[in-house]
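The opening position of the sequence shown corresponds to residue 1 in UniProt numbering, with each subsequent residue numbered one higher.
Glycine is no exception: its CB is placed at the ideal position from the N, C-alpha and C atoms.
Reviewing the structure listed below.
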Amino acid sequence: GIAFSLSLMGILVCHEMGHKLVSIWRGIDASLPFFIPMPPLPGIGIGTLGAVIVTRTPAPNRDALVELGASGPIAGFLAAIPVLVYGVSHSAVIAHSAVLANTCQIPTPWLVDLLTQWLLRPGPAADVIIHPVAFAGWVGLLVTALNLLPGGMLDGGHVMRAVFGGRAHLVLSVAAAGVAFLYKYYLMGLLILILLRRGHPGPLDDCSAVTPGRLAMAESLIAIFALSAVPLTLSCQ
């Protein structure tokens with residue numbers, strides 16, 4: 001519906017604007033976002049796994065590369081929080097015995113679990129029928145987590161390349177593709193491998209170390225990933 005579409009679009013726009021503003025500020029020539037399609041799952045039509053921005057010119061230094069990679073996930077995550085607060089607070093709590101046929105139980109990230117317990121306090125014998133706006137927030141968190149995988153030219157790949165260097169980036173990219181395949185994100189795993197073929201150019205100044213402030217920014221992404229990630233497992237009836 002319109003509420004879902006507008007909420008999800010708002011999160012994705014905030015994510016991509018984070019990247020674009022940093023690229024303009026740092027003088028990096030970056031492409032418009034290429035949206036990653038996602039085929040419909042049983043009972044769920046998401047349509048996208050987010051987007052990837054390809055840089056045509058290298059970042060000036062490692063700090064700028066951290067900023068370029070981290071800005072999108074941070075902006076998208078912050079945008080998803082009010083969406084989730086509204087959506088979860090307008091979701092319905094029903095008895096487990098009243099769950100209708102033709103419904104799917106989706107895995108929930110920690111942030112959604114925390115907000116659900118805080119706002120709805122469902123009992124152990126209850127289920128939550130999530131509001132479309134809450135589902136948009138769920139998708140926004142999923143997109144954020146997937147883009148934080150440390151592979152290729154994904155957001156997490158930029159950050160890992162800046163912090164750990166080229167050789168570690170290659171190893172982490174292969175590992176990220178393996179994790180994506182393990183958790184059934186096949187398109188994302190394939191995308192990482194495709195992007196890996198062109199390598200990562202790294203920053204122009206690849207000698208200066210990442211400053212403490214940008215290291216803290218990179219470390220904050222670990223918390224965002226932990227609060228956002230879910231395995232792609234559905235239970236439908």
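Q: Just confirm the distance between the C-beta atoms of residue 227 and residue 111, as a whole number of angstroms; I'd bet it's less than 8 Å.
A: As a first step, residue 227 is located in the sequence shown; it is residue number 227 there, counting from the start. As a first step, residue 111 is located in the sequence shown; it is residue number 111 there, counting from the start. Contact holds; Cβ gap of about 4 Å.
Q.
According to DSSP, simplified to helix, strand and coil, what is residue 207?
A. Here residue 207 corresponds to residue number 207 of the sequence shown, with the count starting at 1. Note: residue 207 maps to coil in three-state DSSP.
Q) Terminal residues of the continuous beta strand (DSSP E) containing residue 133? A) Along the sequence shown, one-based indexing puts residue 133 at 133. Element bounds for residue 133: not the beta strand (DSSP E) but the alpha helix (DSSP H), 132 to 147.
**Q.** CB contact flag (residue 87, residue 144, <8 Å)
**A.** Within the sequence shown, numbered from 1, the residue matching residue 87 stands at position 87. Within the sequence shown, numbered from 1, the residue matching residue 144 stands at position 144. It is not a contact, given that the beta carbons lie outside the stated cut-off.
Q: Put residue 126 into one of helix, strand or coil per three-state DSSP.
A: In the sequence shown, residue 126 corresponds to position 126, counting from 1. Residue 126 sits in a strand when the DSSP states are folded into three classes.
Q: Look up residue 106 in the DSSP assignment and say whether it is helix, strand or coil.
A: The count along the sequence shown starts at 1 and reaches residue 106 at position 106. Here DSSP, grouped into helix, strand and coil, assigns residue 106 to coil.
Q: Could you spell out where the beta strand (DSSP E) holding residue 28 opens and where it closes?
A: Numbered from 1 along the sequence shown, position 28 holds the residue referred to as residue 28. That residue, residue 28, is in no beta strand (DSSP E); it is neither H nor E in DSSP.
Q | Same chain, Cβ closer than 6 Å to residue 115, five either side skipped, listed in chain order | A | Mapped onto the sequence shown, residue 115 falls at position 115. In the same chain as residue 115, and ignoring 5 residues on each side of it, the C-beta atoms closer than 6 Å to its own belong to 84, 88, in chain order.
Q | residue 205 versus residue 61 - alpha carbon distance | A | Along the sequence shown, read from residue 1 onward, the residue named residue 205 stands at position 205. Along the sequence shown, read from residue 1 onward, the residue named residue 61 stands at position 61. The straight-line gap from Cα to Cα measures roughly 5 Å.
Q: Compute the Euclidean distance between the alpha carbons of residue 11 and residue 157, then round it to the nearest angstrom.
A: Working through the sequence shown from its first residue, we reach residue 11 at position 11. Working through the sequence shown from its first residue, we reach residue 157 at position 157. If I take the Cα positions, the gap works out to 21 Å.
**Q.** Closest Cα partner of residue 178 within the set 171, 170, 189
**A.** Taking the first residue of the sequence shown as 1, we reach residue 178 at position 178. That would be 189, whose Cα lies nearest to the Cα of residue 178.
Q: Let me know the secondary structure DSSP gives residue 229 once reduced to three states.
A: As a first step, residue 229 must be located in the sequence shown, where it is residue number 229. Residue 229 falls in the coil class under three-state DSSP.
Q) Do residue 73 and residue 230 have their C-beta atoms within less than 8 Å of each other? A) The count along the sequence shown starts at 1 and reaches residue 73 at position 73. The count along the sequence shown starts at 1 and reaches residue 230 at position 230. No, they are not a contact pair.
Q) When DSSP builds the beta bridges, which residues end up paired with residue 94? A) Within the sequence shown, numbered from 1, the residue matching residue 94 stands at position 94. Per DSSP, 127.
Q: Specify the secondary structure class of residue 116 as computed by DSSP and reduced to three states.
A: Against the sequence shown, residue 116 aligns to sequence position 116. Here residue 116 sits in helix by DSSP.
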